[in-house]
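Asks: A single structure is presented below for examination.
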Amino acid sequence: MIDAVTLSHHGAITVVTLDRPDVRNAVDAETARQLYEAFVAFDADPITRVAIFHGAHGHFCAGWDLQAGARMAQQVPGLGAFAELDFSPADAQPLGPMGPSRLLLSKPVIAAVSGAAVAGGMELALWCDMRVMEADAYFGVFCRRFGVPLIDGGTVRLPRLIGMGHAMDLILTGRRVDAPEALQMGLCNRVVPSGTALEAAMALAEQLAAFPQGTMLADRASAYAQWDLSMPEALHQEWLRGKRCIASGLEGAVRFAEGAGRNGKF
Numbered sequence: 236m237i238d239a240v241t242l243s244h245h246g247a248i249t250v251v252t253l254d255r256p257d258v259r260n261a262v263d264a265e266t267a268r269q270l271y272e273a274f275v276a277f278d279a280d281p282i283t284r285v286a287i288f289h290g291a292h293g294h295f296c297a298g299w300d301l302q303a304g305a306r307m308a309q310q311v312p313g314l315g316a317f318a319e320l321d322f323s324p325a326d327a328q329p330l331g332p333m334g335p336s337r338l339l340l341s342k343p344v345i346a347a348v349s350g351a352a353v354a355g356g357m358e359l360a361l362w363c364d365m366r367v368m369e370a371d372a373y374f375g376v377f378c379r380r381f382g383v384p385l386i387d388g389g390t391v392r393l394p395r396l397i398g399m400g401h402a403m404d405l406i407l408t409g410r411r412v413d414a415p416e417a418l419q420m421g422l423c424n425r426v427v428p429s430g431t432a433l434e435a436a437m438a439l440a441e442q443l444a445a446f447p448q449g450t451m452l453a454d455r456a457s458a459y460a461q462w463d464l465s466m467p468e469a470l471h472q473e474w475l476r477g478k479r480c481i482a483s484g485l486e487g488a489v490r491f492a493e494g495a496g497r498n499g500k501f
C-alpha cells in the first residue's frame, strides 16, 4: 500500500503532507491512521518545534472518503465497522475518526490551506493552532448534504473559535466559506495569494521556531487548559506554567535593557 501521508523535515520544522490526489485528499481509515502516527511522531521528535499540515495537489482535504464509506456500508450494513469504536478520551493519545483530531500536542501545528478544506477536512484544519489560507481556498460543512455528522471536533472547535452565531450558520447550512469571509470571522489567521500557503506557513513556522520555546509552549498549553476551568483556576494554572519560565523571562529583560527587541523588533 502506498503511503498517503509523508513527512519532510526542514531544520526545526516538520511538514506533514496528505497526498491522495484521486479523491482531493479525502481520508479513509488507513489514511487516518497514517495522519495520527505522523503527528504523534512529530510531537515525540526532540528536534522539530513546529509542524505544517499541508495537502498536496491543490487541495487541503475534502473530508472523509465517502467512496470508502460507501464500500464499507455495502460490506457491513448499518453502523457496521464503527459499532465498536468510541474514541475514548481515557486514552493517553486517542485516535480520532480522521486521525489526529483527538490529540492535544505539546507543540504547535499550522494548517497550510489550499483548495477545499471541507467537512472532516475543515475539522482537521480547525484542529491546528493556526490556519494560513490561500485566496481561492474555501471551508464548508459540506457533509451536511449527505447526512454525515461532524465527529472530529467541528461542533466543539467552531463555536470556540468563531462564536456560536457564526458556528451555527456554518454547521446548519453547510455553505461554502471563501477566504475573505473566513478571515473576517476568525476562521483563518492569514490569507495569502493562491499557490503560496505552504511557503507562507513555512515563514510563520520559522518565526515560531525562533522564539524561546519554554515560554511560548507554556502560554500555548495554558490557553488550551483554561477552557474547562473557572476564572480563578484558569489564572492559577497560568501562573503555575508561567513561573517555570520566569528565569528565561528575566534573561529576556536583560537583553531588552541592553537594546534588543526595541520598538517591536523580533
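Numbers in the working numbering are just positions in the sequence shown, counted from 1, shifted up by 235. Where a beta carbon is used, it is the ideal one built from N, C-alpha and C, also for glycine.
Applying the 10 Å Cβ sphere with the 16-neighbour rule, what's the burial state of TYR459?
Replies: Its Cβ having fewer than 16 others within 10 Å, TYR459 is exposed.
Asks: In the DSSP assignment, find the unbroken beta strand (DSSP E) run with THR252 in it and report its ends.
Replies: From DSSP, the beta strand (DSSP E) with THR252 extends over 248-253.
Asks: Should MET256 be labelled buried (16 or more other beta-carbon atoms within 10 Å of its own) or exposed?
Replies: First, the amino acid is wrong: residue 256 is Pro here, not Met. Exposed, by the Cβ-count rule.
Asks: On a Cα-Cα basis, can you pick out the residue from GLU272, ALA239 and PHE274 that is closest to ARG300?
Replies: The residue asked about is misnamed: residue 300 is Asp in this sequence, not Arg. The residue with the shortest Cα to Cα distance from ASP300 is ALA239.
Asks: Quick check for students: name the residue ranges of the alpha helix (DSSP H) that lie wholly in the region 410-494, counting only runs of 4 or more.
Replies: The qualifying runs are 414-419, 432-445, 448-460, 466-478 and 481-492.
Asks: Using DSSP bridges, identify the partner residues of MET368.
Replies: Paired residues: VAL348 and VAL426.
Asks: Are the Cβ atoms of VAL367 and ALA453 separated by less than 8 Å?
Replies: Not in contact: VAL367 and ALA453 (Cβ atoms no closer than 8 Å).
Asks: For GLU434, count neighbouring Cβ atoms within 10 angstroms of its own Cβ and tell me buried if that reaches 16, exposed if not.
Replies: Exposed, by the Cβ-count rule.
Asks: Out of SER336, GLY477, ALA279 and ARG259, point me to the one whose CA is closest to ALA291's CA.
Replies: Comparing Cα-Cα distances from ALA291 to each of SER336, GLY477, ALA279 and ARG259, the minimum goes to ARG259.
Asks: Please say whether GLU441 and ILE248 have beta carbons closer to each other than 8 Å?
Replies: The answer is yes: Cβ separation under 8 Å.
Asks: Mind checking which residues open and close the beta strand (DSSP E) that includes ILE287?
Replies: Where ILE287 is concerned, the enclosing beta strand (DSSP E) stretches over 285-290.
Asks: Report buried or exposed for GLY375, applying the criterion of at least 16 other Cβ atoms within 10 angstroms of its Cβ.
Replies: Buried.
Asks: How about TRP299: is its C-beta nearer than 8 Å to some C-beta of chain B?
Replies: Absent from the structure: chain B. Only one protein chain is present.
Asks: Using CA atoms only, rank isn't needed, just tell me which of ALA469, LEU443 and GLY356 is closest to LYS342.
Replies: For LYS342, the nearest C-alpha among the options comes from LEU443.
Asks: Please state the DSSP three-state secondary structure of PHE374.
Replies: Correct three-state label for PHE374: strand.
Asks: Identify the continuous beta strand (DSSP E) that holds HIS244 and give its terminal residues.
Replies: Element bounds for HIS244: 240-245.
Asks: Taking three-plus beta-carbon pairs below 8 Å as touching, is the region 326-342 in contact with the region 400-420?
Replies: Output reads no: the region 400-420 does not touch the region 326-342.
Asks: Using CA coordinates, which residue listed in VAL348, THR408, GLY477 and PRO281 is at the minimum distance from HIS294?
Replies: Among VAL348, THR408, GLY477 and PRO281, the Cα nearest to that of HIS294 belongs to VAL348.
Asks: Output the boundary residues of the alpha helix (DSSP H) element that contains ASP206.
Replies: This structure cannot settle anything about residue 206, because the visible part of the chain is limited to 236 through 501.
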